[in-house]
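Below: one structure, written as structure tokens.
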Amino acid sequence: MRPVLLCSAVLALTACSGEPPAVEEAIIETTYALDRSRITVSGVSSGAYMAGQLHVAYSDIFSGAGLIAGGPFGCAQGDLGTALGPCLKGGSIDVDALLGTARSAAEAGSIADLSNLSDDTVWLFHSPTDPVVSPDTTMASVAFYTSVESTVVHVDDVAVIHGYPTLDAGAACDAFASPYINACRYDAAGALLSALGAAESPADEATGGLERLSVPDGPDAEMLDYAYLYVPTDCAAGESCGVHVALHGCVQSAELIDDAFAALTGYNRWADRNKLMILYPQAKSSAVAPLNPNGCWDWWGYTGEDYATRSGAQMSVIVDLIDSLAAGE
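All residue numbers for the sequence shown refer to our numbering, where the first residue is 95 and numbers rise by one.
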């Protein structure tokens, strides 16, 4: 069977390399000196779609985005068939129509003003050997962001199976296998964070702490009741730090691969020297309505018709979670 984004098999964690940082067992309720001028987001596959939704709907908060194997804002139009059809397989994605819908939503106040996107950088990645997401899908993202005058960095010459490419962590580069993190001698986290403003080279290893944050409203939004947060030592000591939100793809939530996405994707090494906290929210799987057995992010409407707006259930929880890091400002 050809692998698809919503694959039904959940494979065992295999072929991982590197020692993950220790995770605090207790729920952490600490606040930090948050630099709100440095809040960015990225994701892979369904996480890429969610990253794009967050960036566009909350462009007054997020100043840039990185999308690995993801399409344009509003692509699914609230329909699973469209999500599994042109939004994955390519073909007829009407970018002008999507832009028109976005502009109408902005005029109605349900998403931020699209003019905010004109000074943002967007890093878009698509592998020429990805068997799941068509290159047409990423090109539609390129067209969408170009139309709103974002600075687009398009990477399409790195061969990796449908997964998150790293230097040396995860399964083999051509293996479509859990944890869907692939050792491809390519540092996707570093490439996208650099494009989004990370100026300093990464540390040799992550030395901060990977903590668990309480997300009490998560279950109501089909999310777990906790998220991971990587905190560099400088941020823990009270220095001003930005936040990057990193979103897993389907079958990559902590329910299925524990903290592998947070520990192995490579964000944390870059975070240390660039004074960035990395927030890893977690989608929840469901075998009943709303049916989402693989813990994908909502980019087609399973949490409600307003899923891609500022009142969307999952996006609201993520933005509130960012705010909670700086409580008392």
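Note that CB positions come from ideal geometry on N, CA and C, so glycine has one too.
Beta carbon of residue i, beta carbon of residue j: below 8 angstroms?
i, j, result
"residue 413", "residue 373", "no"
"residue 184", "residue 230", "yes"
"residue 345", "residue 389", "yes"
"residue 166", "residue 189", "yes"
"residue 204", "residue 403", "yes"
"residue 318", "residue 347", "yes"
"residue 292", "residue 368", "yes"
"residue 377", "residue 391", "yes"
"residue 200", "residue 193", "no"
"residue 365", "residue 324", "yes"
"residue 322", "residue 266", "no"
"residue 202", "residue 152", "no"
"residue 168", "residue 145", "no"
"residue 288", "residue 252", "no"
"residue 187", "residue 263", "no"
"residue 249", "residue 211", "no"
"residue 191", "residue 164", "no"
"residue 399", "residue 172", "yes"
"residue 182", "residue 244", "no"
On the DSSP bridge assignment, give the partners of residue i in chain order.
i, result
"residue 355", "Answer is none; residue 355 lacks a bridge partner."
"residue 91", "Outside the displayed range of the chain (95 to 423) lies residue 91, so it cannot be described from this structure."
"residue 386", "380"
"residue 240", "In the DSSP output, where bridge partners are listed per residue, residue 240 has none listed."
"residue 138", "162"
"residue 411", "Residue 411 pairs with nothing; no bridge assigned."
"residue 128", "335"
"residue 245", "215"
Go through its chain and collect everything with a Cβ distance to residue i's Cβ below 7 angstroms, but skip five positions before and after it.
i, result
"residue 246", "216, 218, 236, 239, 240"
"residue 126", "329, 335, 371, 419, 420"
"residue 290", "134, 158, 160, 215, 217"
"residue 294", "367, 368"
"residue 296", "284, 363, 364, 367"
"residue 333", "127, 369"
"residue 140", "99, 343, 344, 390, 391, 393"
"residue 180", "186, 187"
"residue 119", "Confidence at residue 119 is low in this model, with a pLDDT of 45, below 50, so its placement is unreliable and the value that follows should be read with caution. For residue 119, where only same-chain residues beyond five positions count, there are no Cβ hits under 7 angstroms."
"residue 103", "In this prediction, residue 103 has a pLDDT of 28, which is less than 50 and means its spatial position is unreliable; nothing more can be read from the coordinates."
For residue i, which residues of its own chain have a beta-carbon under 8 angstroms away from its beta-carbon, when the five flanking residues on both sides are left out?
i, result
"residue 130", "155, 420"
"residue 429", "Residue 429 is absent from the model: the chain starts at 95 and stops at 423."
"residue 316", "377, 378, 380, 384, 386, 392, 396, 397, 407, 408"
"residue 101", "In this prediction, residue 101 has a pLDDT of 38, which is less than 50 and means its spatial position is unreliable; nothing more can be read from the coordinates."
"residue 223", "253, 254, 255, 268"
"residue 415", "307, 309, 321, 373, 375"
If you drop the 5 nearest sequence neighbours on each side, which residues of the same chain put their C-beta closer than 6 angstroms to that of residue i?
i, result
"residue 286", "136, 160, 217"
"residue 178", "none"
"residue 232", "218, 220"
"residue 278", "254, 259, 267"
"residue 375", "321, 412"
"residue 117", "With a pLDDT of 47 at residue 117, under the threshold of 50, the modelled position of that residue is not reliable, and the figure given next carries that caveat. Once the five neighbours on either side are set aside, the close Cβ partners of residue 117 are 304, 353."
"residue 339", "135, 373"
"residue 326", "302, 365, 366"
"residue 132", "336"
"residue 429", "The first residue shown for the chain is 95 and the last is 423, placing residue 429 beyond what the model contains."
At least one CB of chain B closer than 8 angstroms to the CB of residue i: is that the case?
i, result
"residue 217", "Within the model displayed, chain B is absent; a lone protein chain is all it includes."
Taking the runs of the alpha helix (DSSP H) that are 4 residues or longer, which of them lie wholly in the region 248-326?
282-289
When the Cβ atoms of the region 260-279 are set against those of the region 232-248, are three or more pairs found closer than 8 angstroms?
no
Could you tell me which uninterrupted beta strand (DSSP E) segments, each at least 3 residues in length, are contained entirely in the region 152-237, listed from first to last along the chain?
158-162, 215-219
Assess contact between the region 159-170 and the region 202-216, defined as three or more Cβ pairs (one per stretch) separated by less than 8 angstroms. Is contact present?
yes
Sufficient close CB pairs (3 or more, under 8 angstroms) joining the region 254-261 to the region 274-286:
yes
Just checking, does the region 287-303 make contact with the region 354-370 on the three C-beta pairs under 8 angstroms criterion?
yes
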